[in-house]
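In the working numbering, the protein residues as written are 16 to 370.
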Amino acid sequence: MTSTLHRYLTKLFFSRLVLLLVGINFLVVILDFMANGDDVISSNSTPLLSSFRYMGLRLPQIASTLMPFVLLIAVLLTLMELVRHQEMAAMMSAGMSQLKVMLTLLPAGMIVAVLQFAINDQLEPRAIKELKNWGVGEYKVDKGEEIDAIWFHHQSDIIRVGRVERGDLLHDITIFRRGQDGNIVERIHANRLVHENGTWILSDVSRSTITRREPEQLDHLEWQSNLQPHLVASLASHPKDLSVFEIRRFWQEARFGSFPNHVYEVWMHRKIVAPLVLFVMVLMSVPLVQRYQRDTNLVSILVFGLAAGFFFIVFDDLLMTFGEAGLIPPILAAWAATLIFAAIGATLALHHESL
16 MTSTLHRYLT KLFFSRLVLL LVGINFLVVI LDFMANGDDV ISSNSTPLLS SFRYMGLRLP
76 QIASTLMPFV LLIAVLLTLM ELVRHQEMAA MMSAGMSQLK VMLTLLPAGM IVAVLQFAIN
136 DQLEPRAIKE LKNWGVGEYK VDKGEEIDAI WFHHQSDIIR VGRVERGDLL HDITIFRRGQ
196 DGNIVERIHA NRLVHENGTW ILSDVSRSTI TRREPEQLDH LEWQSNLQPH LVASLASHPK
256 DLSVFEIRRF WQEARFGSFP NHVYEVWMHR KIVAPLVLFV MVLMSVPLVQ RYQRDTNLVS
316 ILVFGLAAGF FFIVFDDLLM TFGEAGLIPP ILAAWAATLI FAAIGATLAL HHESL
């Protein structure tokens, strides 16, 4: 009986999830294309191919953002279907508790969580890089507008890169070296920075220190750094647009980046906890449906469910903002909302089971 019920609930859930994923994501992608279609079409000589390429590149970012809400709606619709046909009442009468219903939906939730992690960690960062290189939509740079220089820290140094030609070839480099008290003690400017044979070489160098009146002119100067060329393009990206591997390199290994270390740590935890948000949606949905299953108006279940999901997202984003600002520890900023709402859902389920 358990295996039959498991297959039935899984089929019911996935049929609604797939329909919602396709429908909602398709609608949002089309709306996004309508807002940026002029830029996309004018950027290439093949408008049709450009349109499909743009929508394909935008899909991972949109799908990753919408996945928690889509899953919440799918779970609510699945449970509402059981309530509408009195199947939920029959399961409860047969001794199936809220906790067992959650456990029945757990394998399906794990599949969706793996999909969410793959999109968030692999597909989305690559798609964003392609869009930045393409320069369309929200990543468009208007003609005549200067491309912002890249600023990042490397240990105690502050580095400005005027232009990136390739990962191993940078132009207009300025390095500000600071002493132990944080004050600038040396300024190095170079026209080029090239990565050759595992070493960064500055060319056409002007070197100034606080103890020397005239700047020293050098043809070449070695820059001691463990910065890898393939990570250069990621320096200008916000940590949310990077993969776990890239964030880890910036935060833990190399100790460099264009954001403070605690911001990379916050998003490192966020990337890990993001798939667990989907389980929170399940934990919130089952007690809610059980609470309102005797209500003749099933719309109230959907309304309260979406309200709970919206409150969770707002609370989670608020904690992330505090974490990025350094007001609370990174691990608390990334994990607190998920653990609190998961604990509330699990407590309600266990309380119902003990009655």
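All residues carry an ideal CB built from backbone N, CA and C; glycine is no exception.
- Under a 10 Å Cβ-count criterion, Val200 is classified as exposed, with fewer than 16 other Cβ atoms of the shown protein chains found around its own Cβ.
- The Cβ atoms of Ala352 and Leu363 do not sit closer than 8 angstroms to each other.
- With a beta-carbon spacing of about 5 angstroms, Val151 and Ser58 fall inside the 8 angstroms limit used to define contacts.
- In this structure, the alpha-carbon of Phe326 lies about 10 angstroms from that of Asp332.
- Between Val44 and Leu74, the C-beta spacing is below 8 angstroms.
- With a cutoff of 8 angstroms on beta-carbon distance, Arg202 and Thr189 are scored as near each other.
- Its chain contains Ser258 as the residues whose beta carbon lies nearer than 7 angstroms to that of Gln137, once the 5 sequence neighbours on both sides are disregarded; these appear in chain order.
- Gly197 is not bridged by DSSP to any residue.
- Counting the other Cβ atoms within 10 Å of the Cβ of Ala322 gives fewer than 16, which makes it exposed.
- For Val288, the enclosing alpha helix (DSSP H) stretches over residues Asn276 to Val288.
- Assignment of Glu231 by DSSP, reduced to helix, strand and coil, places it in the strand class.
- By the Cβ neighbour-count rule, Tyr279 is buried, with 16 or more other Cβ atoms within 10 Å of its own.
- When the alpha-carbon of Phe319 is set against those of Leu87, Ala123 and Val33, the nearest one is in Leu87.
- Taking 4 residues as the minimum length, the alpha helix (DSSP H) runs contained wholly in the segment 67-116 are 102-108, in order along the chain.
- Comparing alpha carbon positions, the residue from Val301, Met106 and His186 closest to His366 is Val301.
- Taking every protein chain shown into account, the CB of His253 has fewer than 16 other CB atoms within 10 angstroms, so this residue is exposed.
- Listed as beta-bridge partners of Trp166 by DSSP are Arg175.
- Around Arg181, the same chain offers no residue with a beta carbon nearer than 6 angstroms, after the five sequence neighbours per side are excluded.
- When C-beta atoms of the segment 18-28 are compared with those of the segment 86-100, three or more pairs fall below 8 angstroms, so the two segments count as touching.
- Here Met283 really is in contact with Arg263; their C-beta atoms are around 6 angstroms apart, less than 8 angstroms.
- With fewer than 16 other CB atoms across the displayed protein chains lying within 10 angstroms of its CB, Asp196 is exposed.
- One Cα belongs to Ser273, the other to Phe330, and the distance between them is close to 27 angstroms.
- The DSSP-derived three-state label of Leu208 is strand.
- Annotation for Ser315: the continuous alpha helix (DSSP H) segment containing it runs Val314 to Glu339.
- For the options Val247, Leu298 and Leu303, the alpha carbon positioned closest to that of Val176 is the one of Val247.
- For the 8 angstroms CB-CB criterion, Phe132 and Pro290 form a contact.
- In chain order, Ala89, Leu92 and Thr93 place their CB closer than 7 angstroms to the CB of Arg31, counting only its own chain and leaving out the 5 sequence neighbours on each side.
- According to DSSP, Glu237 shares a beta bridge with Ile216.
- DSSP, reduced to helix, strand and coil, places Thr189 within a strand of the structure shown.
- When Asn148, Trp266, Ser218 and Ala142 are compared, the shortest CA-CA separation from His168 is found for Trp266.
- Between Asp256 and Pro140, the gap from beta carbon to beta carbon is short of 8 angstroms.
- Ser223 has Arg202 as its beta-bridge partners, per DSSP.
- Excluding the 5 residues flanking it on each side, Phe48 has same chain C-beta neighbours closer than 8 angstroms at Val55, Ser66, Tyr69, Met70 and Arg73, in chain order.
- Bounds of any alpha helix (DSSP H) do not take in Phe265, whose DSSP letter is neither H nor E.
- Gly38 sits in a helix when the DSSP states are folded into three classes.
- A residue is called buried once 16 or more other Cβ atoms fall within 10 Å of its Cβ, and His210 is buried on that count.
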